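To start, the structure under review is shown below, and the notes come after it.
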Amino acid sequence: METKQEIKERVVKHILIVEDDTFMSGLLARKFSSENFKISAASNAQQAREILEKDKVGLIILDIVLPGTDGISFLKEIKGNSRFSSIPVVIASNLGQPEEIETGLKEGAADYIVKANTSPGDIVEKVKSILEKNT
Amino acid sequence: MQSRAKNPKLNPDKKRAGLGLASEVAIFLGILLVNASWFFYSFLGGNYWPVAVISIFISVLLIILIIFKSLETNRSLGEREKKTESAPENQEQPGPATNNKNKELLEANEKLRKMKDDFLKTTQDLFQRETELVQVNKRLRGLDAIKSEFVSVAAHQLRTPLTGIKWSYLTLLEKKTGLLNPEQTKIVKKGLEAIDYAIDTINDLLNTARLEEGKSTLNLEEQPIGPVIQEILKQHEPVIKEKKIKLNVDIPLSSPLSLKFDKEKISIVFDNILANAIKYTPEGGTIGLKVFREKDKIKFKIEDSGIGIPKEELGKVFSKFFRAKNAVSFQTSGSGLGLYVAKNIVEKHGGNISLESEENSGTMVTFTLPVK
Chain A
1 METKQEIKER VVKHILIVED DTFMSGLLAR KFSSENFKIS AASNAQQARE
51 ILEKDKVGLI ILDIVLPGTD GISFLKEIKG NSRFSSIPVV IASNLGQPEE
101 IETGLKEGAA DYIVKANTSP GDIVEKVKSI LEKNT
Chain B
136 MQSRAKNPKL NPDKKRAGLG LASEVAIFLG ILLVNASWFF YSFLGGNYWP
186 VAVISIFISV LLIILIIFKS LETNRSLGER EKKTESAPEN QEQPGPATNN
236 KNKELLEANE KLRKMKDDFL KTTQDLFQRE TELVQVNKRL RGLDAIKSEF
286 VSVAAHQLRT PLTGIKWSYL TLLEKKTGLL NPEQTKIVKK GLEAIDYAID
336 TINDLLNTAR LEEGKSTLNL EEQPIGPVIQ EILKQHEPVI KEKKIKLNVD
386 IPLSSPLSLK FDKEKISIVF DNILANAIKY TPEGGTIGLK VFREKDKIKF
436 KIEDSGIGIP KEELGKVFSK FFRAKNAVSF QTSGSGLGLY VAKNIVEKHG
486 GNISLESEEN SGTMVTFTLP VK
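In order, the protein sequences belong to chains A and B. For the first sequence, our numbering gives the first residue as 1, with consecutive numbering after it. For the second sequence, our numbering gives the first residue as 136, with consecutive numbering after it.
Have a look at this one:
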């Protein structure tokens, strides 16, 4: 029987990666897995909605350029839904103009990462730091 | 003149002539009536009929004469008016001086009319230009938005495959994916350097495009400068170690050296200057970084024992795409945008930047940022 603390830790360590490039999300998932995180991957907003409905998620890593609903619209949707609005969202995109970063942060993202300027290891460290602040 | 002729109120001669005729006719009709009375009185037995007949005859003659005279007067007045209407300049029988004056006035009037026409035309042209400018401005704003979107999309499309390769190489270098032999490790690391160089070039081009569009606004925040420098040094640490460069950092620990600056932009300045120092300093060289307060500003000095810049090229070091001849032969890669971008950012902060260098001896870049 899991204690409340154990359940909380399990939920927190569940990361949802919303990224249409499955090779990139695979590399990122690999790094997170090596740090004992549970990973769910969605290649579009619809798949992400289904995962959120089924399972509890501690943090979302979200790309902006996605087929169908784009990342910013999906972020608005999450932040507008009281069931999911408390889940921290980290945007990881190769769009990196200051206006794009400003929009992402204004819509409620906890952080904005330009993928080309970072590494999977750096993203894991950033996620850990955000989760520590939130617990 | 024409209006005067058409308005009876403004034609007193004609009016006066008409009134005179009526009153004179009335007087003589009265005389005729008196004489006629005497004539009929004679029929009733009086002895005045010869006098009455003569009086009536004279009265009739006088009435005819007066009517004739009045008609003549009206006719001559009409003719005079016609003359006045057809040749107004003859009305006052002007002399040569008046003629000249009139001519000058006519010319001046013509000039004024021409000026008025020109003024109206100029006003119309100005309105047309303004409309055109508004349209052109709207089109330019549209083009500007398209250009910004293009730059954004192009950067995304270029970065995405580079990120794929970069992350793959980084994953290969992790022990969990299996150990690479030294030769493979070297190849993968060189590949990573090339990828990072390509990503840096894209970022430099984006920064330059933004600076030139005037879109690069500063997000100023009061904060200590130390952590920014430490972060940049950390990023360059692997190459510094690899090239066995001796790094001397002199930042006073007693003072936090806080000031208002845009963290992201000042990081670019440090990154560009330090990257140049590392790139153009041969193995085993020295790089010094000194930060100190001087009156109302903080001064940063980044000095290296690198290849330096030829004297004749020193004037161009902050120009866009400039690369010194010896720099190109020493290290083929480089966009020549680093110092250009750094200068723009430092000056936007209200600071200044300078460079001293001696070929084959080293380079020192100094820049300042105002404290307040």
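All residues carry an ideal CB built from backbone N, CA and C; glycine is no exception. Every value quoted in this text rests on a predicted model; they were computed, and no experiment measured them.
Span of the alpha helix (DSSP H) around residue i
{"i": "Gln97 of chain A", "result": "Here Gln97 of chain A belongs to no alpha helix (DSSP H), and DSSP marks it neither H nor E."}
{"i": "Thr257 of chain B", "result": "Pro231 to Leu308"}
{"i": "Val124 of chain A", "result": "Pro120 to Asn134"}
{"i": "Lys446 of chain B", "result": "Premise fails: Lys446 of chain B is in no alpha helix (DSSP H) and is neither H nor E."}
{"i": "Tyr475 of chain B", "result": "Gly473 to Lys483"}
{"i": "Lys311 of chain B", "result": "No alpha helix (DSSP H) holds Lys311 of chain B; DSSP gives it neither H nor E."}
{"i": "Val463 of chain B", "result": "Lys460 to Phe465"}
{"i": "Lys379 of chain B", "result": "Neither: Lys379 of chain B is in no alpha helix (DSSP H) and is coded neither H nor E."}
{"i": "Phe74 of chain A", "result": "Gly71 to Lys79"}
{"i": "Thr52 of chain A", "result": "As written in the sequence, residue 52 of chain A is Leu, which differs from the Thr given in the question. Segment Ala45 to Lys54, the alpha helix (DSSP H) holding Leu52 of chain A."}
Below-9 Å beta-carbon distance, residue i vs any chain A residue
{"i": "Glu309 of chain B", "result": "yes"}
{"i": "Val286 of chain B", "result": "yes"}
{"i": "Ser517 of chain B", "result": "Residue 517 of chain B lies beyond the residue range present for chain B, which begins at 136 and ends at 507; the question has no answer from this structure."}
{"i": "Lys436 of chain B", "result": "no"}
{"i": "Val350 of chain B", "result": "Contrary to the premise, residue 350 of chain B reads as Lys rather than Val in this sequence. Lys350 of chain B counts as touching chain A."}
{"i": "Arg276 of chain B", "result": "no"}
{"i": "Arg264 of chain B", "result": "no"}
{"i": "Ser489 of chain B", "result": "no"}
{"i": "Arg458 of chain B", "result": "no"}
{"i": "Arg345 of chain B", "result": "yes"}
{"i": "Ser440 of chain B", "result": "no"}
Strand pairing of residue i, partner residues [DSSP]
{"i": "Gln358 of chain B", "result": "B:Leu394"}
{"i": "Val89 of chain A", "result": "A:Ile60"}
{"i": "Gly349 of chain B", "result": "Looking at the DSSP assignment, Gly349 of chain B forms no beta bridge with any residue, so it has no partner."}
{"i": "Tyr112 of chain A", "result": "A:Ile91"}
{"i": "Val384 of chain B", "result": "B:Leu424"}
{"i": "Thr503 of chain B", "result": "B:Lys434"}
{"i": "Ser40 of chain A", "result": "A:Leu16"}
{"i": "Ile488 of chain B", "result": "B:Phe502"}
{"i": "Asp331 of chain B", "result": "In DSSP, Asp331 of chain B forms no bridge with anything."}
{"i": "Asp439 of chain B", "result": "B:Ile422 and B:Thr498"}
Residue i versus the options, residue with shortest Cα-Cα distance
{"i": "Gln380 of chain B", "options": "B:Ile401, B:Ser402 and B:Gly419", "result": "It should be pointed out that residue 380 of chain B corresponds to Ile in this sequence rather than to Gln. The candidate whose alpha carbon is nearest that of Ile380 of chain B is B:Gly419."}
{"i": "Leu394 of chain B", "options": "B:Leu346, B:Leu275, B:Arg294 and B:Val506", "result": "B:Val506"}
{"i": "Glu19 of chain A", "options": "A:Asn36, A:Ile7, A:Ala41 and A:Ser34", "result": "A:Ala41"}
{"i": "Ile488 of chain B", "options": "B:Phe405, B:Leu327, B:Ile334 and B:Lys325", "result": "B:Phe405"}
{"i": "Pro391 of chain B", "options": "B:Gln370, B:Ser440 and B:Phe427", "result": "B:Phe427"}
{"i": "Asn44 of chain A", "options": "A:Pro67, A:Phe37 and A:Ile60", "result": "A:Pro67"}
{"i": "Asp397 of chain B", "options": "B:Gly486, B:Lys238 and B:Thr258", "result": "B:Gly486"}
{"i": "Val65 of chain A", "options": "A:Phe74, A:Leu28 and A:Arg30", "result": "A:Phe74"}
{"i": "Asp385 of chain B", "options": "B:Lys436, B:Glu482 and B:Val374", "result": "B:Lys436"}
{"i": "Lys133 of chain A", "options": "A:Leu16, A:Gly96, A:Gly121 and A:Ala110", "result": "A:Ala110"}
{"i": "Ile101 of chain A", "options": "B:Glu399, B:Asn234, B:Phe456 and B:Gln370", "result": "B:Glu399"}
{"i": "Ala298 of chain B", "options": "A:Leu27, A:Val12, A:Glu125 and A:Tyr112", "result": "First, the residue type needs correcting, since residue 298 of chain B is Thr and not Ala in the sequence shown. Among A:Leu27, A:Val12, A:Glu125 and A:Tyr112, the Cα nearest to that of Thr298 of chain B belongs to A:Leu27."}
{"i": "Ile444 of chain B", "options": "B:Leu164, B:Leu490 and B:Ile403", "result": "B:Leu490"}
{"i": "Gly349 of chain B", "options": "B:Val500, B:Lys483 and B:Leu409", "result": "B:Lys483"}
{"i": "Ile442 of chain B", "options": "B:Ile403, B:Leu340 and B:Met499", "result": "B:Met499"}
{"i": "Leu121 of chain A", "options": "B:Leu196, B:Glu242, B:Lys249 and B:Leu308", "result": "According to the sequence provided, residue 121 of chain A is Gly. The question's Leu does not apply to it. Selected option, being the one with the closest Cα: B:Leu308."}
{"i": "Lys13 of chain A", "options": "A:Phe32, A:Asp21, A:Phe23 and A:Thr22", "result": "A:Phe32"}
Residue-level contact to chain B via CB, residue i, 9 Å cutoff
{"i": "Ser93 of chain A", "result": "yes"}
{"i": "Pro67 of chain A", "result": "no"}
{"i": "Phe23 of chain A", "result": "yes"}
{"i": "Val124 of chain A", "result": "no"}
{"i": "Gly121 of chain A", "result": "yes"}
{"i": "Asn117 of chain A", "result": "yes"}
{"i": "Ile17 of chain A", "result": "no"}
{"i": "Glu100 of chain A", "result": "yes"}
{"i": "Gly104 of chain A", "result": "no"}
{"i": "Val114 of chain A", "result": "yes"}
{"i": "Gly96 of chain A", "result": "yes"}
{"i": "Val12 of chain A", "result": "no"}
Residue interval of the beta strand (DSSP E) (run including residue i)
{"i": "Glu429 of chain B", "result": "Thr421 to Glu429"}
{"i": "Glu35 of chain A", "result": "Unbroken run through Glu35 of chain A: none, as it is neither H nor E."}
{"i": "Glu494 of chain B", "result": "Per DSSP, Glu494 of chain B belongs to no beta strand (DSSP E) and is neither H nor E."}
{"i": "Val452 of chain B", "result": "That residue, Val452 of chain B, is in no beta strand (DSSP E); it is neither H nor E in DSSP."}
{"i": "Leu16 of chain A", "result": "His14 to Val18"}
Any non-hydrogen atom of the ligand ZN within 8 Å of residue i CB
{"i": "Leu16 of chain A", "result": "As far as ligands go, the structure on display features none, and thus does not contain the ligand ZN."}
Members of the segment 289 to 318 of chain B that neighbour chain A once the beta carbon cut-off is set at 9 Å: Going along the segment 289 to 318 of chain B in chain order, one finds Ala290, His291, Gln292, Leu293, Arg294, Thr295, Leu297, Thr298, Gly299, Lys301, Trp302, Ser303, Leu305, Thr306, Glu309, Lys311 and Thr312 with a Cβ nearer than 9 Å to chain A.
The segment 320 to 341 of chain B: positions lying closer than 8 Å to chain A by Cβ | Against chain A - using a Cβ distance shorter than 8 Å - the residues of the segment 320 to 341 of chain B are Ile334, Ile337, Asn338 and Leu341.
So if I threshold CB-CB distances at 9 Å, which residues from the segment 22 to 47 of chain A count as touching chain B? Phe23, Met24, Leu27, Leu28, Arg30, Lys31 and Ser34
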